[in-house]
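There are 2 protein chains.
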Amino acid sequence: MLDLKIMVQKYGGTSVGTADRIKAVAERIKRYTEKGFSVVVVVSAMGKTTDELIALASQLTRNPSGREMDMLLSTGEQVSISLLAMALHEIGIDAISYTGSQIRVLTDGNFSRAKIESISTDRIVKSLREKKVVIVAGFQGVDDEENITTLGRGGSDTSAVALAAVLGTRDCEIYTDVNGVYTADPRIIAQPAKLKEISYDEMLELARLGAAVLHSRSVEFAKKYNVRLHVRSSFNYEEGTIVMPKEEMMEKFVISGVTAKRDEAKITIRDIPDKPGIAARLFTLMGENRVYVNMIVQSTGKDNRASISLTVLKSDLDKALKLCETMRKDLGASSVESKVDIAIVSAVGVGMLSSYGVAGKIFQVLSEHNVNIEMISTSEIGISCVIDDMYAELAQKALHKIFIESEQK
Amino acid sequence: MLDLKIMVQKYGGTSVGTADRIKAVAERIKRYTEKGFSVVVVVSAMGKTTDELIALASQLTRNPSGREMDMLLSTGEQVSISLLAMALHEIGIDAISYTGSQIRVLTDGNFSRAKIESISTDRIVKSLREKKVVIVAGFQGVDDEENITTLGRGGSDTSAVALAAVLGTRDCEIYTDVNGVYTADPRIIAQPAKLKEISYDEMLELARLGAAVLHSRSVEFAKKYNVRLHVRSSFNYEEGTIVMPKEEMMEKFVISGVTAKRDEAKITIRDIPDKPGIAARLFTLMGENRVYVNMIVQSTGKDNRASISLTVLKSDLDKALKLCETMRKDLGASSVESKVDIAIVSAVGVGMLSSYGVAGKIFQVLSEHNVNIEMISTSEIGISCVIDDMYAELAQKALHKIFIESEQK
Numbered sequence: 047m048l049d050l051k052i053m054v055q056k057y058g059g060t061s062v063g064t065a066d067r068i069k070a071v072a073e074r075i076k077r078y079t080e081k082g083f084s085v086v087v088v089v090s091a092m093g094k095t096t097d098e099l100i101a102l103a104s105q106l107t108r109n110p111s112g113r114e115m116d117m118l119l120s121t122g123e124q125v126s127i128s129l130l131a132m133a134l135h136e137i138g139i140d141a142i143s144y145t146g147s148q149i150r151v152l153t154d155g156n157f158s159r160a161k162i163e164s165i166s167t168d169r170i171v172k173s174l175r176e177k178k179v180v181i182v183a184g185f186q187g188v189d190d191e192e193n194i195t196t197l198g199r200g201g202s203d204t205s206a207v208a209l210a211a212v213l214g215t216r217d218c219e220i221y222t223d224v225n226g227v228y229t230a231d232p233r234i235i236a237q238p239a240k241l242k243e244i245s246y247d248e249m250l251e252l253a254r255l256g257a258a259v260l261h262s263r264s265v266e267f268a269k270k271y272n273v274r275l276h277v278r279s280s281f282n283y284e285e286g287t288i289v290m291p292k293e294e295m296m297e298k299f300v301i302s303g304v305t306a307k308r309d310e311a312k313i314t315i316r317d318i319p320d321k322p323g324i325a326a327r328l329f330t331l332m333g334e335n336r337v338y339v340n341m342i343v344q345s346t347g348k349d350n351r352a353s354i355s356l357t358v359l360k361s362d363l364d365k366a367l368k369l370c371e372t373m374r375k376d377l378g379a380s381s382v383e384s385k386v387d388i389a390i391v392s393a394v395g396v397g398m399l400s401s402y403g404v405a406g407k408i409f410q411v412l413s414e415h416n417v418n419i420e421m422i423s424t425s426e427i428g429i430s431c432v433i434d435d436m437y438a439e440l441a442q443k444a445l446h447k448i449f450i451e452s453e454q455k
Numbered sequence: 047m048l049d050l051k052i053m054v055q056k057y058g059g060t061s062v063g064t065a066d067r068i069k070a071v072a073e074r075i076k077r078y079t080e081k082g083f084s085v086v087v088v089v090s091a092m093g094k095t096t097d098e099l100i101a102l103a104s105q106l107t108r109n110p111s112g113r114e115m116d117m118l119l120s121t122g123e124q125v126s127i128s129l130l131a132m133a134l135h136e137i138g139i140d141a142i143s144y145t146g147s148q149i150r151v152l153t154d155g156n157f158s159r160a161k162i163e164s165i166s167t168d169r170i171v172k173s174l175r176e177k178k179v180v181i182v183a184g185f186q187g188v189d190d191e192e193n194i195t196t197l198g199r200g201g202s203d204t205s206a207v208a209l210a211a212v213l214g215t216r217d218c219e220i221y222t223d224v225n226g227v228y229t230a231d232p233r234i235i236a237q238p239a240k241l242k243e244i245s246y247d248e249m250l251e252l253a254r255l256g257a258a259v260l261h262s263r264s265v266e267f268a269k270k271y272n273v274r275l276h277v278r279s280s281f282n283y284e285e286g287t288i289v290m291p292k293e294e295m296m297e298k299f300v301i302s303g304v305t306a307k308r309d310e311a312k313i314t315i316r317d318i319p320d321k322p323g324i325a326a327r328l329f330t331l332m333g334e335n336r337v338y339v340n341m342i343v344q345s346t347g348k349d350n351r352a353s354i355s356l357t358v359l360k361s362d363l364d365k366a367l368k369l370c371e372t373m374r375k376d377l378g379a380s381s382v383e384s385k386v387d388i389a390i391v392s393a394v395g396v397g398m399l400s401s402y403g404v405a406g407k408i409f410q411v412l413s414e415h416n417v418n419i420e421m422i423s424t425s426e427i428g429i430s431c432v433i434d435d436m437y438a439e440l441a442q443k444a445l446h447k448i449f450i451e452s453e454q455k
């Protein structure tokens, strides 16, 4: 493939949401072919198609079989690829569409969250050599028994990254309806900065902590295969944000983004006799019951009794509370409390690694604004604070101002 | 497969047009499983899905590639099979859906009108032995390069017949929105009789001459593989009409159906020097230009000059007239005339073979009603007359009364 200049592009649902949008995407692809690129395009289902199919299924059953759900949902991408091929033909560009099955996107058999195991490049490369634009249905594959599988949330991004990896190119553009990755949610911060570059790890932290531009799985995949993701808008020709190895980044901010996650609730188990392994037991219990625990903090109080606080998705709160209550009895703890109106405000940046006192500065800024910090958790490149939800906007604004707006001056 | 009592059922678009309809179909299938049948179900796309997909494509191109159109349209059936599987699961019936690709419905590479070459029964039989209802996407297959193909009009019926053939069963039910095959169009004849049985050849004649219940290809297929087609409604549990070999029929009417075809126009080329091979040349020319000629009648007039009349689809009339004009010049004929307001009224029945004077009786009946016959063509089991379109209803009523209503008394 060394003689081909391959560009992988992925277009999300809004980018192909209408016939006119599909035509616009075709025109964009044409520009790349004119520049000599061999273009491989991954498309999602049009606009709200997937939601409509799910609604149709829900009229028939509350508990659809994974296999049949994947059979159903994979049609959305198949519609998009054929329409995009037609739009390209119409403007004189040779193109051919392929389902996941046709290019052997082999996955494991976990319906609705399958993992890609391999992709055959034979047919793609043959079509590229025939000067065809290759259009691939994202989000889907087949298991070793030819059952259609889907990759779960962010699946089409993952398809695109996987294709870039197997085709040996680092160029992968992810087209969406925003111009790139911003330093904050534009609904909160009036003029957030668009990042030119961001590292995989920062992007993963941002995704985990509430920024919705990319799903973490595709970023992990890109990191693993060293693929640069150019996140940009299909509605204009502006440069977006390139997600890349931090070693290759030209500029590194101490903090590249501020986020708030507002879909979690906090649970506190008080006065647990302090014995080793309690946090581990709690995690295991939650995991077995498919409750995703995000933050967990343990503190020791008087009389060797500890408190454990954790956050779970609000949608899992009832289930999690029941499990914690069981734990409380087992452990002889005094009470289980919960709080729903919380926000997890986070600051993320690779620059933290080499800057001292970032955490202290964050706590100070929040304190100056009378924001009480209820839980703190830190990673190498991120600091998260649980605060009362009413301060979520204020806290983001204050942190953004101190760390980002001041640095840009 | 000898130990399995296999029943193939095909449900058309209206039969699976809504979630409630799909549930009703699931209940029907359940009854068959309770009777010990191993059920193989072929489904069409829901309601108007195919039309909607075509409309979507037409927003992008006037001349879609066959391959991409088949890629697009095949999604309709894929949606139906998954939903029907879910509906069966919901009422406790194990079921599994398969695309054409998954059960290797191999076709030739003629997109949008592909012909089935083979079907693998391995996976179907395996699933049937596991006590699963097998749901197959009709209308679709794959060529030997894994491109998705579709079978054209009536394709799902053809899929069902092919499955019955390869599975070695003669039992194939075709569910539709009418109760069976009638002796006439109920929009014209107030109380047409429902036929209990009809022969393949009669059904083919009826299909060719305007009755829309079954497409001729599926009937030809059924005849070739000796599969009995039970045409019936999915909206009730009445017996329908069984299309079968005439040797097996219990009762044979002289005439089993009266039809009118009103979408054709007549062309007459006058005063052609009468040389051999003119009709052949005309047919060849039309064929090369993809104009379907239905009836063709040649008559010799005075001075050894002949006239040729033929009927073509109204939608092909302009093209056909241009071709006839070319022929006129080549042959030195005097004129080309056309008439759009015609109807082809036909009577069809295997009983004609053994009854004398049926043709004469038909002409007499029409004459008694002052209906002028402009062209006549006969086959072994059918007689067609071109008449002025204004008499189409009258002619059908008169023929139905004489041949069918009187016989039933």
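Chains X and B supply the protein sequences, listed in that same order. Just so we're aligned, residue 47 is where the first sequence starts under our numbering, counting upward by one. Just so we're aligned, residue 47 is where the second sequence starts under our numbering, counting upward by one. Positions of the beta carbon are idealized from the N, C-alpha and C atoms, including for glycine.
For Ala70/X, the nearest beta carbon of chain B is not closer than 7 Å to its own beta carbon. In this structure, Ser262/X and Arg274/X do not form a Cβ contact; the two beta carbons are roughly 17 Å apart against a cut-off of 8 Å. Boundaries of the alpha helix (DSSP H) around Tyr271/X: Ser262 to Tyr271. Nearest C-alpha to Glu383/X among Met296/X, Asn350/X, Ile315/X and Val259/X: Ile315/X. When only Cα atoms are considered, Thr145/X and Ile194/B end up about 10 Å apart. When DSSP reads this structure, Thr222/X sits in a beta bridge with Ser279/X. Proximity to Thr64/X across Val125/X, Asp116/X and Tyr437/X peaks at Val125/X, based on C-alpha coordinates. Between Val71/B and Gly303/X, the alpha-carbon positions lie close to 54 Å from each other. The criterion of a C-beta distance shorter than 7 Å is satisfied by Thr167/X and Val212/X.
Leu129/B belongs to the set of residues whose beta carbon lies under 7 Å from a beta carbon in chain X. Here Ile342/B carries a strand assignment [DSSP, helix/strand/coil]. Shown here, Arg336/X sits in coil according to DSSP, grouped into three states, outside any helix or strand. Under DSSP, the beta-bridge partners assigned to Ile419/X are Ile433/X. Annotation: the continuous beta strand (DSSP E) that includes Met53/X extends over Ile52 to Tyr57. Excluding its 5 nearest sequence neighbours in each direction, Arg278/X has C-beta neighbours in its own chain below 8 Å: Glu219, Ile220, Tyr221, Thr222, Asn225, Gly226, Glu284, Glu285, Gly286 and Thr287, listed in chain order.
Using a Cβ-Cβ cut-off of 7 Å, Ser111/B counts as an interface residue toward chain X, since at least one Cβ of chain X sits closer than that to its own. A straight-line Cα-Cα distance of about 23 Å links Arg159/X and Glu310/X. Under the DSSP assignment, Gly112/X falls in the alpha helix (DSSP H) whose first and last residues are Gly112 to Glu136.
For Asn418/X, the closest of Gly397/X, Ala258/X, Met53/X and Ile390/X by C-alpha to C-alpha distance is Ile390/X. For Leu367/B, not one C-beta of chain X is nearer than 7 Å to its own C-beta.
Around Met117/B, the beta-carbon contacts reaching into chain X at under 8 Å are Gln124, Ile127, Ser128, Ala131, Ser143 and Thr145.
In this structure, Leu130/B lies away from Ile170/B, with their beta-carbon atoms at least 7 Å apart. Using a Cβ-Cβ cut-off of 7 Å, Ala103/B is close to Leu129 and Met132 of chain X, given in chain order. About 34 Å separates the CB atoms of Ile244/X and Val188/X; that is not less than 8 Å, and the two are not in contact. Here the alpha carbon of Gly428/B sits roughly 6 Å from the alpha carbon of Ala393/B. Listed in chain order, the non-local C-beta contacts of Ala444/B below 6 Å within the same chain comprise Val411 and His415, local neighbours out to five positions each way being set aside. In the DSSP assignment, Ala444/X falls outside any beta strand (DSSP E) and within the unbroken alpha helix (DSSP H) covering Ala438 to His446. Thr357/X: member of the beta strand (DSSP E) spanning Arg351 to Leu359, first to last residue.
Annotation for Thr79/X: Val85, Ile139 and Val179 place their beta carbon closer than 7 Å to its own, counting only its chain and skipping 5 residues before and after. Within chain B, the residues placing a beta-carbon under 7 Å from that of His135/X are Thr107 and Ser111, ordered along the chain. Counting C-beta pairs closer than 8 Å gives fewer than three between the segment 231–242 of chain B and the segment 371–380 of chain B, which falls short of the contact rule.
In this chain, the alpha helix (DSSP H) harbouring Gln410/X covers Val404 to Glu414. DSSP places Ile194/B within a strand segment (E or B) once states are collapsed to three. When rounded, the separation of the alpha-carbon atoms in Ala258/B and Glu251/B is 11 Å. Per DSSP, the beta-bridge partners of Glu310/X are Leu359/X.
Nearest in C-alpha terms to Arg108/B, of all of Gly397/X, Gly112/X, Ser120/X and Glu136/X, is Glu136/X.
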